[in-house]
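Okay, so here's the structure we're looking at.
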Amino acid sequence: MFGKRLAELRNKLGISQYELAARMKLSRGQIANYEQGTREPDFNTLIALADFFGVSLDNLLGREWSATEVTNEFAYITYLDGSKEELTEEEVEYLKGSLHLLRQYDIQMKKKVNHTAL
Numbered sequence: 099m100f101g102k103r104l105a106e107l108r109n110k111l112g113i114s115q116y117e118l119a120a121r122m123k124l125s126r127g128q129i130a131n132y133e134q135g136t137r138e139p140d141f142n143t144l145i146a147l148a149d150f151f152g153v154s155l156d157n158l159l160g161r162e163w164s165a166t167e168v169t170n171e172f173a174y175i176t177y178l179d180g181s182k183e184e185l186t187e188e189e190v191e192y193l194k195g196s197l198h199l200l201r202q203y204d205i206q207m208k209k210k211v212n213h214t215a216l
């Protein structure tokens, strides 16, 4: 189930196995083996992949679907004044991508802080 979920998350971001491998400092072969189920990542790699995709380990391992996943049926934004506006599919995808980038930036900043604290 992990391999299928990994491929699904990667495809959802629209990145190739090569791109994911480069970002995770792994080989493309490792990513392919994970997706085909012929190899399993170590614990640290699982955590890094979950952080990269912004999902829980349970979700990455296919144990649950995130309750926070946006469905287009109920895609609304609520403003501070309480008013709501329905989002288009394109806006939902844009916001998901932006959230992913913010999470990646946050991870990089935490790593930078941890390295300077040592």
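Using my numbering, you'd call the opening residue of the sequence shown number 99 and step up by one each time. We put the beta carbon where it would ideally sit given N, CA and C, even for glycine. Everything numeric in this text was worked out from a predicted model, so none of it was measured.
- Excluding sequence positions up to five before and after L197, its CB lies within less than 8 Å of the CB of G152, all in the same chain and listed in chain order.
- Pairing L155 with S181, the inter-Cα distance amounts to about 34 Å.
- T143: member of the alpha helix (DSSP H) spanning 141-151, first to last residue.
- A direct Cα-to-Cα measurement between K110 and D179 gives close to 33 Å.
- Three or more Cβ pairs closer than 8 Å define a contact, and the region 129-137 meets that threshold against the region 104-118.
- Counting the other CB atoms within 10 Å of its CB gives L118 a total of 16 or more, which places it among the buried residues.
- Apart from sequence neighbours up to five positions away, the residues of its chain that approach D149 with a beta-carbon distance below 6 Å are I205, ordered along the chain.
- The criterion of a C-beta distance shorter than 8 Å is satisfied by E183 and Y174.
- Here K110 carries a helix assignment [DSSP, helix/strand/coil].
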